[in-house]
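S.K.:
In the numbering used here, the protein residues as written are 429 to 998.
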């Protein structure tokens, strides 16, 4: 989550969040906690705001800076989702200014060595604040409250909030090992620091990251901070982002036990973690389903789940990021009927409208006899005794789900706030007129809900009004050589030279590449000055590339171009 120096400085605090001026953390109308790192405030436009309004129970936002752009993001989200808490997540060294031009906490510690932990050997431990120091507690709490108020956020999320540092970070763990009194005092100091922050926020919420299984007793110790906060985060459900997992017994089961201990008036956000290594599309989806089913074994009304490789909005590694949504989370299982049970190392839990079954990834798999004929979210039928491999989850429904609508028409009216864009036409048939703008300013999400069976057809009604116009289409792919998870398809004007913006790697609403390498594939040409209706088959366009199409991610419109329809279909 950042450099070692920043991480060290943030043992006591770190990032921001909030909520309305009432006790506790309110819940939005959705069911998913979003934890999003934005590289540019423009990544949250009307389309993204609408998507988050429909799916989010809370939104924690990390911004590149804490200036006017942050206030604009909050305003857009609040307009689209007035009932959803918008929480500011940010490194303290970037957003909690100790004084104009300062570097935040690290700067304070440089100026105030008495706020640093004393090793007991006559020197301070640079970069580590003494959370038992009342002056430091007051300075930190006041700075957080000021930043929340200036940004218009609803509360604060504190990152790297380790209550008793017996296991990490290393320098503090060594002090704990040498002096048990230091550990006890540090824990009491963390409790007091949280209380000071809560007092400074005057009823706004405090969320902290996190609940970690660092060693024996660490999960329960971290849960003690909930007495001084409103919600907590399980950051590495299923293993860490490097792909290093100790298996179900260490990276899942302790968190299921923690869910049962969370008081009813508190909330727990559980983040299943995808691999940052190469996973095929189906492998990633299967891991998501496994971890979601594992989460459902212990889920309660006050717990919520999300899955991603990184919380960043641009995905530098892996397949899923802070804006990613998986269709499984909208599956209507109803309320759980009872607690989970275990038979022959296979876990299961019944719900009002279905059942989840989980084979731990550190086991040998096994079989499970279903009580009746059941159906997957995709409509596949299961009955009798089913076999499960290690690391597999079954999400099963009593009734076969209705098929979703094959056609998906994007609402161009949600692009009316784009820079250098004018919305014309009629309410029933809008026309979006785009003029040249900064790279990424005219990026439109295409199929943001990840499913096992994504739509492969993209239909565009477009009219380039200049020879330099073009369209770059980011697509998610499988690569037989397991190197590329993304590719770009370029559509240019007939006779025009080059590939539009000339980039072979792009990220959603990012001016600089989000990924180090990305294959570039040429699509059909269009004619300047004429309306054209394009039907693009992703599988056919990639047929000669050695890549397999999986999902349309987003469209980047470059230069002067008009758009009257964007539709996806199977």
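Where a beta carbon is used, it is the ideal one built from N, C-alpha and C, also for glycine.
1) In whole angstroms, what is the alpha-carbon distance linking residue 905 and residue 972?
2) For residue 460, I'd like the list of residues in its chain whose CB is within less than 8 Å of its CB, leaving aside the five on either flank, ordered along the chain.
3) Identify the continuous alpha helix (DSSP H) that holds residue 1042 and give its terminal residues.
4) Going by DSSP, which residues form a beta bridge with residue 546?
5) CB-CB under 8 Å to residue 988, same chain, minus the five flanking residues each way: which ones, in chain order?
6) For residue 601, I'd like the list of residues in its chain whose CB is within less than 8 Å of its CB, leaving aside the five on either flank, ordered along the chain.
7) Residue 991 by DSSP, collapsed to three states: which one?
8) With DSSP as the reference, identify every bridge partner of residue 762, one or two as the case may be.
9) Going by C-alpha distance, which of 957, 842, 963 and 970 is nearest residue 478?
10) Considering only C-alpha positions, which residue in the set 693, 688 and 820 is nearest to residue 714?
11) Under the rule that 16 or more other beta-carbon atoms within 10 Å means buried, what is residue 678, buried or exposed?
12) Nearest CA to the CA of residue 902: which residue from 860, 881, 951 and 858?
13) Using a threshold of 8 Å, state whether the C-beta atoms of residue 790 and residue 676 are closer than that.
14) Which residues mark the beginning and the end of the beta strand (DSSP E) in which residue 565 is found?
15) What does residue 723 pair with, by DSSP beta-bridge criteria?
16) Just tell me which of 474, 992 and 739 has its CA closest to the CA of residue 855.
17) Could you give the C-beta distance for residue 949 and residue 969, rounded to a whole number, given that I count them as a contact under 8 Å?
18) In terms of DSSP beta bridges, what is residue 804 paired with?
19) Does the stretch 741 to 749 come close enough to the stretch 769 to 782 that 3 or more CB-CB pairs lie under 8 Å?
20) Which of the three DSSP states is assigned to residue 596 in this structure?
21) Mark residue 447 as exposed unless 16 or more other C-beta atoms lie within 10 angstroms of its C-beta, in which case mark it buried.
22) Apply the 10 Å Cβ neighbour rule to residue 512 and answer buried if 16 or more other Cβ atoms are within range, or exposed otherwise.
23) Around the C-beta of residue 644, are 16 or more other C-beta atoms found within 10 angstroms, so that it is buried, or is it exposed?
24) Is it the case that the Cβ atoms of residue 755 and residue 805 are separated by a distance below 8 Å?
M.R.: Looking at the atomic coordinates:
1) Roughly 13 Å separates the two Cα atoms.
2) So the qualifying residues of the chain are 483, 484, 485, 732, 733, 734, 753 and 757.
3) Only positions 429 to 998 of the chain appear in the structure, and residue 1042 is not among them; the question remains open.
4) Answer is 552, bridged to residue 546.
5) Only 862, 863, 864, 892, 893, 894, 896 and 897 meet the Cβ criterion.
6) Closer than 8 Å at the Cβ level, and outside the excluded window around residue 601, lie 593, 594 and 595.
7) DSSP, reduced to helix, strand and coil, places residue 991 within a strand of the structure shown.
8) BP columns for residue 762 are empty, so no partner.
9) The candidate whose alpha carbon is nearest that of residue 478 is 842.
10) A check of alpha carbon separations from residue 714 across 693, 688 and 820 identifies 820 as the nearest.
11) Residue burial annotation: residue 678 is exposed, with fewer than 16 other C-beta atoms found within 10 angstroms of its C-beta.
12) Looking at 860, 881, 951 and 858, the one whose alpha-carbon comes closest to that of residue 902 is 951.
13) In this structure, residue 790 sits near residue 676, with a CB-CB distance shorter than 8 Å.
14) From DSSP, residue 565 is part of no beta strand (DSSP E) but of the alpha helix (DSSP H) over 562 to 579.
15) Its beta-bridge partners do not exist; DSSP assigns none.
16) Measuring from the Cα of residue 855, the nearest candidate turns out to be 992.
17) Yes, they are in contact, since the Cβ atoms of residue 949 and residue 969 sit about 6 Å apart, within 8 Å.
18) DSSP output for residue 804 lists no bridge partner at all.
19) Judged by Cβ distances under 8 Å, the stretch 769 to 782 makes no contact with the stretch 741 to 749, as fewer than three pairs qualify.
20) If DSSP states are grouped into helix, strand and coil, residue 596 belongs with coil.
21) Bear in mind that a pLDDT of 33 at residue 447, under 50, signals an unreliable position, so the number given afterwards is only what the model happens to contain. Buried, because 16 or more other Cβ atoms sit within 10 Å of the Cβ of residue 447.
22) So residue 512 counts as buried.
23) Residue 644 is exposed by the Cβ-count criterion.
24) Closer than 8 Å, so yes.
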